[in-house]
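A.B. asks: Here it is: the structure, laid out below.
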Amino acid sequence: MAKPFKRINFFKGFLTTEQDWNDAERYHVEKRKLHNRMFHAPGVIPGHGDELRVTSRGRGDLSVEIGSGYAIDAQGHDIVLPEKQIKTLNPADFKLPQTIYVVVRYVEQLTDFIAYKENLDYQGHRRVEEGCKIEFSIVEPDIAHEVELGRIYLEKGAKRVTDARDPHAPGPNEIDLRFVRSAGVAGQRLSPQLLWRLREIVAQEKRVLAYLGRVKKIIAAQDALHAVITLEMLLRTAFVDHSNIWDLLHIIAELEWDIVYEVEGRVPDLSAMDQFRGFKRNVEILRGQVLDRRRTDDALDNVLRYQSMASDAIESMLDSIRPELEDLRVLEGAPTAEDGGTELAGIAMEDIKVRSEAFTDKLVIDGKTWVLVDTIDVLDADSEAAHDFVIRDAEDTYRTRQKLRYPDGTVIEDRGIAHEGGHCEFKVRNLTPHHAVLMIRRMDYVHGDYQAEIHVNGQRLDRILNCDGEDRKYRWRNWPFVIPAQHISTQVITVKQVMLTADRDINMFRYWFYQLQ
43 MAKPFKRINF FKGFLTTEQD WNDAERYHVE KRKLHNRMFH APGVIPGHGD ELRVTSRGRG
103 DLSVEIGSGY AIDAQGHDIV LPEKQIKTLN PADFKLPQTI YVVVRYVEQL TDFIAYKENL
163 DYQGHRRVEE GCKIEFSIVE PDIAHEVELG RIYLEKGAKR VTDARDPHAP GPNEIDLRFV
223 RSAGVAGQRL SPQLLWRLRE IVAQEKRVLA YLGRVKKIIA AQDALHAVIT LEMLLRTAFV
283 DHSNIWDLLH IIAELEWDIV YEVEGRVPDL SAMDQFRGFK RNVEILRGQV LDRRRTDDAL
343 DNVLRYQSMA SDAIESMLDS IRPELEDLRV LEGAPTAEDG GTELAGIAME DIKVRSEAFT
403 DKLVIDGKTW VLVDTIDVLD ADSEAAHDFV IRDAEDTYRT RQKLRYPDGT VIEDRGIAHE
463 GGHCEFKVRN LTPHHAVLMI RRMDYVHGDY QAEIHVNGQR LDRILNCDGE DRKYRWRNWP
523 FVIPAQHIST QVITVKQVML TADRDINMFR YWFYQLQ
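Right, dumping it as structure tokens:
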């Protein structure tokens, strides 16, 4: 049974002992820990020092740097690292491949020992130093005793640890910061695994609800989409915990039940599908689960399981009814391409960037007709050889195969190459002289915000290729660039693409070349 707090009370003639003074200190320490437990969720405090951020050292070895910062564990201990610390992984200490966790623990030790030689009964430590210890662990962190600062899936034979190229999808031997908790006024009291599942469910819900709302015109789906987006914003700001997640999920479940009513009343072709009945069944169970008074982690895990099954059912239904590689704009009523391969009329140049459909023989962009004259399939040996495709003077190059989404949710798998520094060079064939060329490059948009020069037949163009922005979720883009007609003097031109932005790579998966008709 918990003991009540007792605060020391001084009075005239009170003869104090070391026990009294230690009790007085313990009172304040325990009160602060209680406050931290109740009002501040465990995790790293944003904005203090370097936020205990784990980074690679850029030295090509297995060491990492932990920045200064402040964290709170689930017992309420203040964990302060005043200066950065270097830790080096020793592969011999682990059975690889294995996930290795970087954790920080609260520790304290007695310091400033003193002894009076006149009377050795009077001796002891005058201070208690509060500190922390950073360790590598193979056991998933227990927030009650430690705070996760990052994790690394280390492979056999790994020679170096690096920062993640894509922080949302770190690869082997890269530092994964996705599960680092943030402490705060509300903070993230939910486990990292539950938070990750919530984010995955939110992403899936946004896809299916956007389709139902925008394409099938289900009004209740639009309402549910707004609620899911609100949940996503709260997750991003660390304002979701056990005190409110049940109410938030209850709101979404009720809105999903409204979708059931509306579809059954207005869209009989959907309501008759087996997948929709599966959606309805899981939502019905979900509505009862979110009202359960036993609000434990296990109960929440069960709720998320039914929400995930409901989302899977509706997404499966949509996959069976929406045309492959069809974007939302077309499905909402825009004219579609004819069987002859002519693109729909009236699209804008900006629409090219997010287009997930196959590129047709003709495109009508801003009222002008462009005809496909050439393509380069990057990493296809025959295609590269036919176009003298080469990368020169690069600081680094790497090949990759990616399975990514366009903004409309369409998944495409493609392979490509990226280079940092240097330039890429290739030939474009089948051209009509004195007609402008539209060059479209499929790219991974996870890291944009760079510039490149374009040279044609040795002459640098006045226009710079600007790749503004980035998208870490819907990563496919088709980046257009128009080469003016005055630079097209022959049927074959040599294009050189020179990276200008330092420390950034430029990637390419496929090229399409169109000429103005």
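Add 42 to the 1-based position in the sequence shown for the numbering used here, that's all there is to it.
Here a beta-carbon is modelled for each residue, glycine too, at the ideal position from N, C-alpha and C.
In this structure, does DSSP put Asp154 in helix, strand or coil?
C.D. replies: strand
A.B. asks: In the stretch 142 to 194, which residue ranges form an unbroken beta strand (DSSP E) of at least 3 residues, counting only runs that do not cross its ends?
C.D. replies: With a minimum length of 3 residues, the continuous beta strand (DSSP E) runs that stay inside the stretch 142 to 194 are 165 to 179.
A.B. asks: Using DSSP's beta-bridge definition, name the partner residues of Asp547.
C.D. replies: Glu462
A.B. asks: Let me know the beta strand (DSSP E) ranges lying completely inside the stretch 61 to 114, each 3 residues or longer, listed in chain order.
C.D. replies: 96 to 98, 105 to 108 and 111 to 114
A.B. asks: Which residue wins for smallest C-alpha separation from Thr439, given the options Leu405, Leu421 and Leu446?
C.D. replies: The shortest C-alpha separation from Thr439 is found at Leu421.
A.B. asks: Could you tell me whether the stretch 530 to 543 touches the stretch 471 to 480, where touching means 3 or more Cβ pairs closer than 8 Å?
C.D. replies: yes
A.B. asks: Does the Cβ-Cβ distance between Leu254 and Gln349 come in under 9 Å?
C.D. replies: In this structure, Leu254 lies away from Gln349, with their beta-carbon atoms at least 9 Å apart.
A.B. asks: Taking all protein chains shown into account, decide if Ile407 is buried (16 or more other Cβ within 10 angstroms of its Cβ) or exposed.
C.D. replies: Residue burial is scored here from C-beta neighbours: Ile407 has at least 16 other C-beta atoms within 10 angstroms and is therefore classed as buried.
A.B. asks: Please determine, among Lys259, Leu240 and Trp288, the residue with the shortest C-alpha to C-alpha distance to Thr271.
C.D. replies: The residue you asked about is not Thr; residue 271 is Ile in the sequence shown. Ile271 has its Cα closest to that of Leu240, out of Lys259, Leu240 and Trp288.
A.B. asks: Identify which residue in Met485, Gln117 and Phe523 has its Cα closest to the Cα of Ala460.
C.D. replies: Met485
A.B. asks: Applying the 10 Å Cβ sphere with the 16-neighbour rule, what's the burial state of Val470?
C.D. replies: buried
A.B. asks: How far does the beta strand (DSSP E) with Asp422 in it reach, from first residue to last?
C.D. replies: No beta strand (DSSP E) holds Asp422; DSSP gives it neither H nor E.
A.B. asks: What are the uninterrupted segments assigned as alpha helix (DSSP H) that are 4 or more residues long and contained completely in the stretch 284 to 343, given in chain order?
C.D. replies: 287 to 308, 310 to 313 and 316 to 331
A.B. asks: Can you give me the Cβ contacts of Asp115 inside the same chain, cut-off strictly under 8 Å, excluding the 5 residues immediately before and after it?
C.D. replies: Pro84, Ile121, Arg147, Tyr148, Ile185, Ala186, His187, Glu188 and Val189
A.B. asks: Along the chain, where does the beta strand (DSSP E) that runs through Tyr440 open and close?
C.D. replies: Asp438 to Arg447
A.B. asks: From what residue to what residue does the beta strand (DSSP E) around Gln246 run?
C.D. replies: Where Gln246 is concerned, there is no enclosing beta strand (DSSP E), although the alpha helix (DSSP H) it sits in stretches over Pro234 to Arg256.
A.B. asks: Taking the alpha carbon of Lys126 as the point to measure from, which residue in Arg207, Gly458 and Ser105 has its own alpha carbon closest?
C.D. replies: Put simply, of Arg207, Gly458 and Ser105 the residue whose alpha carbon is nearest the alpha carbon of Lys126 is Ser105.
A.B. asks: Evaluate contact between the stretch 508 to 525 and the stretch 394 to 404, counting only Cβ atoms and requiring at least three cross-stretch pairs below 8 Å.
C.D. replies: yes
A.B. asks: Runs of 3 residues minimum, wholly inside the stretch 482 to 526: which ones carry the beta strand (DSSP E) assignment?
C.D. replies: 492 to 498, 501 to 509 and 518 to 525
A.B. asks: With 16 as the cutoff for other CB atoms within 10 Å, does Gln539 come out buried or exposed?
C.D. replies: buried
A.B. asks: Looking at the strands, I want to know which residues DSSP matches up with Lys410.
C.D. replies: Ile407
A.B. asks: Does the separation of the CB atoms of Phe321 and Ala355 fall below 9 Å?
C.D. replies: yes
A.B. asks: Going by DSSP, what residues sit across from Ile433 in a beta bridge?
C.D. replies: As a beta-bridge residue in DSSP terms, Ile433 pairs with Cys466.
A.B. asks: Using beta-carbon positions only, say whether Ile87 and Ala280 come within less than 9 Å of one another.
C.D. replies: no
A.B. asks: Can you tell me the Cα-Cα spacing of Trp288 and Gln264, whole angstroms?
C.D. replies: 21 Å
A.B. asks: Can you check DSSP and say which residues form a bridge with Leu123?
C.D. replies: Gly111
A.B. asks: Output the boundary residues of the beta strand (DSSP E) element that contains Arg552.
C.D. replies: Arg552 to Leu558
A.B. asks: Could you check if Glu380 is buried or exposed, using at least 16 other CB atoms within 10 Å of its CB as the buried criterion?
C.D. replies: Its pLDDT being 42, under 50, Glu380 is placed unreliably by the model, and the measurement read from it follows with that caveat. With fewer than 16 other Cβ atoms from the protein chains shown falling within 10 Å of its own Cβ, Glu380 counts as exposed.
A.B. asks: Could you tell me which of Tyr143, Glu93, His77 and Asp103 sits nearest to His119, measuring between CA atoms?
C.D. replies: His77
A.B. asks: Is Pro183 buried or exposed, if buried means 16 or more other CB atoms sit within 10 Å of its CB?
C.D. replies: buried
A.B. asks: Along the chain, where does the beta strand (DSSP E) containing Glu216 start, and where does it finish?
C.D. replies: Glu216 to Asp218
A.B. asks: Counting along the chain, where does the beta strand (DSSP E) carrying Ile261 start and finish?
C.D. replies: No beta strand (DSSP E) contains Ile261, which is instead part of the alpha helix (DSSP H) from Ile261 to Arg278.
A.B. asks: To the nearest angstrom, report how far apart Gln501 and His465 are at their CA atoms.
C.D. replies: 14 Å
A.B. asks: Near Lys445, what residues of its chain come up, given a Cβ to Cβ distance below 6 Å and the 5 sequence neighbours on each side ignored?
C.D. replies: Result list for Lys445: Glu455, in chain order.
A.B. asks: Assuming contact is defined by CB atoms lying nearer than 9 Å, are Ala200 and Leu219 in contact in what I supplied?
C.D. replies: Not a contact, by the Cβ cut-off of 9 Å.
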